[in-house]
Amino acid sequence: MSPFKAERCRQAGSNPTHPLFPGALKATSKWFPEHEKARATSIYIAATQVGLAIAPPITTALMIAFDWQLMFVFVGLLGFVGVIGWMAVYRRPEDHPRLSAEERIYIEKDRGERADRQEQRAGQPTVSGSAGGDWARLFRYPTIWAMMLGAFCLQYVFWFYITWLPGYLESAQHFSITTAGLVSALPYVAGGIAVIIGGRFSDMLVKRGMLAMHARRRTIAGGALLTGLALLGTAFSNGPVAAVTMLTLGMFAYSLTTASYWALAADVVSTDRLVGSVGSIQNFAGFLGGAFAPIATGMIVDRFGGFVPALIIAAALLVVTSVMYGGFVNRRLHL
Numbered sequence: 037m038s039p040f041k042a043e044r045c046r047q048a049g050s051n052p053t054h055p056l057f058p059g060a061l062k063a064t065s066k067w068f069p070e071h072e073k074a075r076a077t078s079i080y081i082a083a084t085q086v087g088l089a090i091a092p093p094i095t096t097a098l099m100i101a102f103d104w105q106l107m108f109v110f111v112g113l114l115g116f117v118g119v120i121g122w123m124a125v126y127r128r129p130e131d132h133p134r135l136s137a138e139e140r141i142y143i144e145k146d147r148g149e150r151a152d153r154q155e156q157r158a159g160q161p162t163v164s165g166s167a168g169g170d171w172a173r174l175f176r177y178p179t180i181w182a183m184m185l186g187a188f189c190l191q192y193v194f195w196f197y198i199t200w201l202p203g204y205l206e207s208a209q210h211f212s213i214t215t216a217g218l219v220s221a222l223p224y225v226a227g228g229i230a231v232i233i234g235g236r237f238s239d240m241l242v243k244r245g246m247l248a249m250h251a252r253r254r255t256i257a258g259g260a261l262l263t264g265l266a267l268l269g270t271a272f273s274n275g276p277v278a279a280v281t282m283l284t285l286g287m288f289a290y291s292l293t294t295a296s297y298w299a300l301a302a303d304v305v306s307t308d309r310l311v312g313s314v315g316s317i318q319n320f321a322g323f324l325g326g327a328f329a330p331i332a333t334g335m336i337v338d339r340f341g342g343f344v345p346a347l348i349i350a351a352a353l354l355v356v357t358s359v360m361y362g363g364f365v366n367r368r369l370h371l
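Letter by letter, the sequence shown follows residues 37 to 371 in the numbering used here.
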């Protein structure tokens, strides 16, 4: 198979996964009150980190023992398992047969007008709009564009990890394919732990009285800066142990942001009707960054003969992420 056909197959396989996170975000916004959204979000994101942690050694072993075709068959079959499990288990709160009246009240207690009154009492700026508008109306607001630019830069770095971590370990740190596959799991193990920590931290800020939107955006801004520092440390590390340590710390810091990154979409608009739309718009920009990352990184490595400039650029993009979320995502949209 030619590289072009292989890439087309990869895209065809990955495109159906794009709605997963906006869909999970919509489900989370329906099932959990405001002060538990980030924690709930962190649980399913942590599961993806576990998958990323175990995938490199398993797929590497399959490729070495059999061939790369069987590796893709195995991964594809896992997708069917996920679909069947979701369809068998998930129900909306209003359709769940075992949801008690007390649980329903608990789920809905922080929705709607109560959240709006809290925002008005805190004297926060708001943006008003017509309730009859569609998702395209969202693009009128600077908050959405700031989220998109921040997401582009943040997900650029995540996909830098996904696509170039094994190659970096092999070419820059001279690991074997097998060792690179095993070591590549370490950042994602750390990330799975950090997702839970970041979600609990963000929810703790909300429970202490901070508006949910501000708790989320500040967590994202801080985690992005820490990730950038770790990538700079990787760029100037003096050996494989130091490089792997800094990369692991970088994924840990990045993962502190992810629960808030997804929960923010539910907190930045005043109606559940647009939660999925905001999440998908942010996700769209993030996937643009993810698509750009492997191409740009390859060009940079070819041009400069190493990964140092690529790591520095990734760190600089995280500064942009921090500025966007920390400085410009500051208005809750009332649509």
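Every residue gets a Cβ at the ideal spot worked out from N, C-alpha and C, and that includes glycine.
Small disclaimer: the values here were computed from a predicted structure and weren't measured.
Would you please state the rounded distance, in angstroms, between the beta carbons of residue i and residue j? I believe it to be under 8 Å.
i, j, result
"Gly234", "Thr293", "6 Å"
"Ala295", "Thr77", "4 Å"
"Gly315", "Ala301", "4 Å"
"Ile331", "Pro345", "With 8 Å as the limit, Ile331 and Pro345 do not qualify as a contact, their Cβ atoms being about 15 Å apart."
"Pro92", "Pro202", "7 Å"
"Val231", "Ser65", "With a Cβ gap of about 18 Å, Val231 and Ser65 do not count as contacting."
"Ala89", "Gly228", "6 Å"
"Leu98", "Phe110", "6 Å"
"Ala74", "Ala299", "4 Å"
"Leu354", "Ala260", "5 Å"
"Val356", "Ala182", "Not a contact, Cβ separation roughly 10 Å."
"Val304", "Arg254", "14 Å between Cβ atoms; not a contact."
"Ser373", "Gln85", "With the chain covering only 37 through 371, there is no way to say anything about residue 373."
Mind checking which residues open and close the beta strand (DSSP E) that includes residue i?
i, result
"Arg134", "Looking at the DSSP string, Arg134 is not in any beta strand (DSSP E), and its letter there is neither H nor E."
"Ser370", "It should be noted that the sequence gives His, not Ser, for residue 370. His370 -> beta strand (DSSP E) spans Arg368 to His370."
In terms of residue numbering, what span does the alpha helix (DSSP H) encompassing residue i cover?
i, result
"Asp103", "Neither: Asp103 is in no alpha helix (DSSP H) and is coded neither H nor E."
"Ser212", "Where Ser212 is concerned, there is no enclosing alpha helix (DSSP H), given that its DSSP letter is neither H nor E."
"Ala208", "Careful: Ala208 lies outside any alpha helix (DSSP H) and carries neither H nor E."
"Ala346", "Val344 to Val359"
Would DSSP call residue i helix, strand or coil?
i, result
"Val365", "coil"
"Val304", "coil"
"Gly227", "helix"
"Pro330", "helix"
"Ser379", "Outside the shown range of the chain (37 to 371) lies residue 379, about which nothing can therefore be said."
"His250", "helix"
"Pro28", "Not covered by the structure: residue 28. The range shown for the chain is 37 to 371."
"Ser220", "coil"
"Gln318", "helix"
"Gly186", "helix"
"Phe237", "helix"
"Tyr126", "coil"
"Tyr80", "helix"
"Gly115", "helix"
"Ile244", "It is Arg, not Ile, that sits at residue 244 in the sequence shown. Coil."
"Tyr192", "helix"
"Gly341", "coil"
"Tyr197", "helix"
"Tyr177", "coil"
"Ser166", "The predicted position of Ser166 is uncertain, since its pLDDT is 49 and thus under 50; a value taken from the coordinates is nonetheless stated next. Coil at Ser166, not helix or strand."
"Pro93", "helix"
Are the C-beta atoms of residue i and some chain D residue less than 8 Å apart?
i, result
"Leu185", "Of the chains in the structure shown, none is chain D; there is only one protein chain."
Does the stretch 322-340 come into contact with the stretch 233-247, if we say contact requires no fewer than three beta-carbon pairs (one atom in each stretch) closer than 8 Å?
Short answer: they don't touch.
With a threshold of 8 Å, are at least 3 pairs of Cβ atoms found where one atom belongs to the stretch 277-287 and the other to the stretch 241-253?
Taking one beta carbon from each stretch, the stretch 277-287 and the stretch 241-253 have fewer than 3 pairs nearer than 8 Å; the two do not touch.
Kindly confirm or deny that the stretch 250-266 and the stretch 206-215 touch, where touching means at least three C-beta pairs closer than 8 Å.
no
Taking contact to mean at least 3 C-beta pairs separated by less than 8 Å, is the stretch 181-190 in contact with the stretch 360-367?
Taking a cut-off of 8 Å for Cβ pairs, the stretch 181-190 and the stretch 360-367 touch, as three or more such pairs fall below it.
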